[in-house]
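Down below is the structure, laid out as C-alpha coordinates.
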(Lines of atoms letter the chains of each structure in order from A and count residues from 1; the text may use other names and numbers.)
(Lines give C-alpha, C1' and ligand atoms only; values in the text may rest on other atoms or scores of the structure.)
Protein backbone atom coordinates (compact mmCIF):
# COMPACT_ATOMS: atom_id res chain seq x y z
CA UNK A 1 0.00 0.00 0.00
CA UNK A 2 1.05 3.53 -0.56
CA UNK A 3 2.18 5.48 2.44
CA UNK A 4 1.01 8.84 1.11
CA UNK A 5 -1.02 11.08 3.36
CA UNK A 6 -4.77 10.62 3.27
CA UNK A 7 -6.77 13.41 1.70
CA UNK A 8 -9.28 15.42 3.63
CA UNK A 9 -12.61 16.37 2.16
CA UNK A 10 -14.95 19.02 3.50
CA UNK A 11 -16.45 17.28 6.56
CA UNK A 12 -13.65 14.74 7.05
CA UNK A 13 -11.31 15.81 9.84
CA UNK A 14 -7.59 15.99 9.16
CA UNK A 15 -5.59 13.12 10.67
CA UNK A 16 -3.83 13.87 13.94
CA UNK A 17 -0.05 14.43 13.85
CA UNK A 18 0.52 11.01 15.42
CA UNK A 19 -1.75 9.32 12.89
CA UNK A 20 0.03 11.14 10.06
CA UNK A 21 3.39 9.89 11.38
CA UNK A 22 1.99 6.35 11.57
CA UNK A 23 0.57 6.60 8.04
CA UNK A 24 3.87 7.82 6.58
CA UNK A 25 6.26 5.68 8.62
CA UNK A 26 8.14 2.97 6.78
CA UNK A 27 6.62 -0.50 7.14
CA UNK A 28 9.25 -1.68 9.65
CA UNK A 29 8.65 1.28 11.96
CA UNK A 30 4.86 1.07 11.65
CA UNK A 31 4.91 -2.71 12.23
CA UNK A 32 7.05 -2.21 15.37
CA UNK A 33 4.53 0.35 16.66
CA UNK A 34 1.67 -2.07 15.98
CA UNK A 35 3.55 -4.87 17.74
CA UNK A 36 3.57 -2.67 20.86
CA UNK A 37 -0.23 -2.50 20.52
CA UNK A 38 -0.85 -6.19 19.86
CA UNK A 39 1.59 -9.11 19.59
CA UNK A 40 -0.42 -10.83 16.83
CA UNK A 41 1.51 -10.66 13.55
CA UNK A 42 -1.70 -11.38 11.63
CA UNK A 43 -3.50 -8.45 13.26
CA UNK A 44 -0.57 -6.11 12.62
CA UNK A 45 -0.31 -7.18 8.99
CA UNK A 46 -3.99 -6.54 8.35
CA UNK A 47 -3.90 -3.11 10.03
CA UNK A 48 -0.66 -2.17 8.28
CA UNK A 49 -2.02 -3.18 4.86
CA UNK A 50 -4.86 -0.66 5.07
CA UNK A 51 -2.75 2.45 5.63
CA UNK A 52 -3.19 5.36 5.24
CA UNK A 53 -5.96 6.12 7.70
CA UNK A 54 -7.90 9.36 7.42
CA UNK A 55 -9.08 9.28 11.04
CA UNK A 56 -8.53 7.47 14.30
CA UNK A 57 -12.00 5.97 13.87
CA UNK A 58 -10.92 4.47 10.54
CA UNK A 59 -7.91 2.96 12.31
CA UNK A 60 -10.22 1.53 14.99
CA UNK A 61 -12.50 0.04 12.34
CA UNK A 62 -9.55 -1.69 10.68
CA UNK A 63 -8.30 -2.93 14.05
CA UNK A 64 -11.71 -4.30 15.00
CA UNK A 65 -12.07 -6.06 11.64
CA UNK A 66 -8.60 -7.59 11.94
CA UNK A 67 -9.36 -8.71 15.51
CA UNK A 68 -12.59 -10.39 14.38
CA UNK A 69 -10.64 -12.45 11.84
CA UNK A 70 -7.98 -13.78 14.22
CA UNK A 71 -7.76 -17.54 14.58
CA UNK A 72 -7.33 -19.25 17.94
CA UNK A 73 -3.58 -19.40 17.22
CA UNK A 74 -3.48 -15.68 16.39
CA UNK A 75 -5.31 -14.92 19.65
CA UNK A 76 -2.80 -17.04 21.57
CA UNK A 77 0.03 -15.06 19.96
CA UNK A 78 -1.69 -11.79 20.93
CA UNK A 79 -2.22 -12.93 24.52
CA UNK A 80 1.41 -13.98 24.85
CA UNK A 81 2.30 -10.29 24.71
CA UNK A 82 0.38 -9.53 27.90
CA UNK A 83 1.70 -10.07 31.42
CA UNK A 84 -0.55 -11.54 34.12
CA UNK A 85 -2.72 -9.06 36.04
CA UNK A 86 -0.82 -7.94 39.10
CA UNK A 87 2.56 -8.65 37.52
CA UNK A 88 3.24 -6.00 34.87
CA UNK A 89 6.37 -6.37 32.76
CA UNK A 90 9.36 -4.82 34.55
CA UNK A 91 10.40 -1.61 32.85
CA UNK A 92 7.27 -1.52 30.65
CA UNK A 93 5.39 1.72 31.33
CA UNK A 94 2.39 0.57 29.26
CA UNK A 95 1.69 -2.54 31.34
CA UNK A 96 2.30 -0.60 34.57
CA UNK A 97 -0.11 2.15 33.48
CA UNK A 98 -2.76 -0.31 32.31
CA UNK A 99 -2.56 -2.33 35.50
CA UNK A 100 -2.40 0.62 37.86
CA UNK A 101 -5.58 -0.59 39.57
CA UNK A 102 -3.50 -3.31 41.21
CA UNK A 103 -0.73 -0.98 42.40
CA UNK A 104 -2.55 0.03 45.57
CA UNK A 105 -4.09 -3.38 46.19
CA UNK A 106 -3.61 -5.06 49.54
CA UNK A 107 -1.19 -7.95 49.84
CA UNK A 108 -4.17 -10.24 50.40
CA UNK A 109 -5.78 -9.11 47.13
CA UNK A 110 -2.49 -9.47 45.25
CA UNK A 111 -2.09 -13.01 46.62
CA UNK A 112 -5.68 -13.86 45.67
CA UNK A 113 -5.12 -12.51 42.14
CA UNK A 114 -1.99 -14.62 41.81
CA UNK A 115 -3.93 -17.72 42.86
CA UNK A 116 -6.82 -16.90 40.51
CA UNK A 117 -4.44 -16.12 37.64
CA UNK A 118 -2.76 -19.50 38.07
CA UNK A 119 -6.09 -21.35 38.23
CA UNK A 120 -7.29 -19.50 35.12
CA UNK A 121 -4.06 -20.24 33.27
CA UNK A 122 -4.27 -23.92 34.24
CA UNK A 123 -7.79 -24.13 32.86
CA UNK A 124 -7.41 -22.07 29.67
CA UNK A 125 -3.69 -22.33 28.90
CA UNK A 126 -3.12 -18.58 28.76
CA UNK A 127 -3.06 -15.52 31.00
CA UNK A 128 -6.29 -13.97 32.22
CA UNK A 129 -6.74 -11.05 29.88
CA UNK A 130 -8.89 -8.05 30.66
CA UNK A 131 -8.81 -4.42 29.64
CA UNK A 132 -7.53 -3.34 33.04
CA UNK A 133 -7.42 0.40 32.35
CA UNK A 134 -9.63 2.18 34.86
CA UNK A 135 -10.45 -0.97 36.82
CA UNK A 136 -9.73 -1.52 40.47
CA UNK A 137 -8.01 -4.61 41.78
CA UNK A 138 -11.31 -5.78 43.20
CA UNK A 139 -13.05 -5.38 39.83
CA UNK A 140 -10.35 -7.43 38.12
CA UNK A 141 -10.56 -10.11 40.82
CA UNK A 142 -14.34 -10.27 40.43
CA UNK A 143 -13.97 -10.55 36.65
CA UNK A 144 -11.59 -13.51 36.84
CA UNK A 145 -13.87 -15.17 39.40
CA UNK A 146 -16.83 -14.75 37.04
CA UNK A 147 -14.99 -15.86 33.92
CA UNK A 148 -13.19 -18.93 35.24
CA UNK A 149 -16.32 -21.05 34.82
CA UNK A 150 -16.66 -20.17 31.12
CA UNK A 151 -16.04 -22.71 28.40
CA UNK A 152 -12.85 -22.25 26.38
CA UNK A 153 -14.96 -21.07 23.43
CA UNK A 154 -16.81 -18.48 25.52
CA UNK A 155 -13.58 -17.27 27.01
CA UNK A 156 -11.86 -16.99 23.63
CA UNK A 157 -14.57 -14.59 22.44
CA UNK A 158 -14.44 -12.57 25.65
CA UNK A 159 -10.65 -12.33 25.27
CA UNK A 160 -11.11 -11.19 21.65
CA UNK A 161 -13.33 -8.34 22.91
CA UNK A 162 -10.93 -7.41 25.70
CA UNK A 163 -7.99 -7.36 23.27
CA UNK A 164 -10.02 -5.10 20.99
CA UNK A 165 -10.55 -2.64 23.86
CA UNK A 166 -6.85 -2.72 24.76
CA UNK A 167 -5.88 -2.20 21.13
CA UNK A 168 -8.13 0.85 20.85
CA UNK A 169 -6.54 2.44 23.93
CA UNK A 170 -3.06 1.77 22.61
CA UNK A 171 -3.91 2.90 19.07
CA UNK A 172 -5.27 6.14 20.51
CA UNK A 173 -1.85 6.76 22.06
CA UNK A 174 -0.20 6.26 18.66
CA UNK A 175 -2.71 8.47 16.85
CA UNK A 176 -2.40 11.28 19.38
CA UNK A 177 1.32 10.95 20.13
CA UNK A 178 3.41 14.06 20.06
CA UNK A 179 6.98 14.02 18.81
CA UNK A 180 8.77 11.73 16.40
CA UNK A 181 7.49 8.25 17.39
CA UNK A 182 5.16 6.42 15.03
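Residue numbers (the numbering used here): 6 to 187. By construction, the Cβ of each residue, glycine as well, lies at the ideal position given by its N, Cα and C atoms. The structure presented is a predicted model; accordingly, all values stated were derived computationally and were not measured.
Counting other Cβ atoms within 10 Å of its Cβ, residue 123 stays below 16 and is therefore classed as exposed. When the five nearest sequence neighbours on each side are left out, the beta carbons in the same chain lying within less than 6 Å of the beta carbon of residue 110 are those of 142, in order along the chain. Rounded to the nearest whole angstrom, the C-alpha separation of residue 164 and residue 135 is 7 Å. The DSSP-derived three-state label of residue 133 is coil. It is roughly 41 Å from the alpha-carbon of residue 30 to the alpha-carbon of residue 153. The region 34 to 49 and the region 60 to 78 touch, with no fewer than 3 CB-CB distances between them shorter than 8 Å. The alpha helix (DSSP H) runs of length 4 or more contained entirely in the region 19 to 97 are, from start to end of the chain, 22 to 29, 32 to 42, 46 to 54, 61 to 73, 77 to 84.
Excluding its 5 nearest sequence neighbours in each direction, residue 44 has C-beta neighbours in its own chain below 7 Å: 82, 83, 85, 86, listed in chain order. Beta-carbon to beta-carbon, residue 121 and residue 149 are separated by about 5 Å, close enough to satisfy the 8 Å threshold.
Here DSSP, grouped into helix, strand and coil, assigns residue 153 to coil. With respect to the 9 Å criterion, residue 75 and residue 181 are not classified as neighbours on the basis of their beta carbons. For the options 177, 117, 67, 77, the alpha carbon positioned closest to that of residue 159 is the one of 77. In chain order, 81, 84 place their CB closer than 7 Å to the CB of residue 131, counting only its own chain and leaving out the 5 sequence neighbours on each side. The beta carbon of residue 117 lies closer than 7 Å to those of 146 in the same chain, with the five residues before and after it left out. Distance check between residue 177 and each of 42, 32, 36 places 42 closest, using alpha-carbon atoms only.
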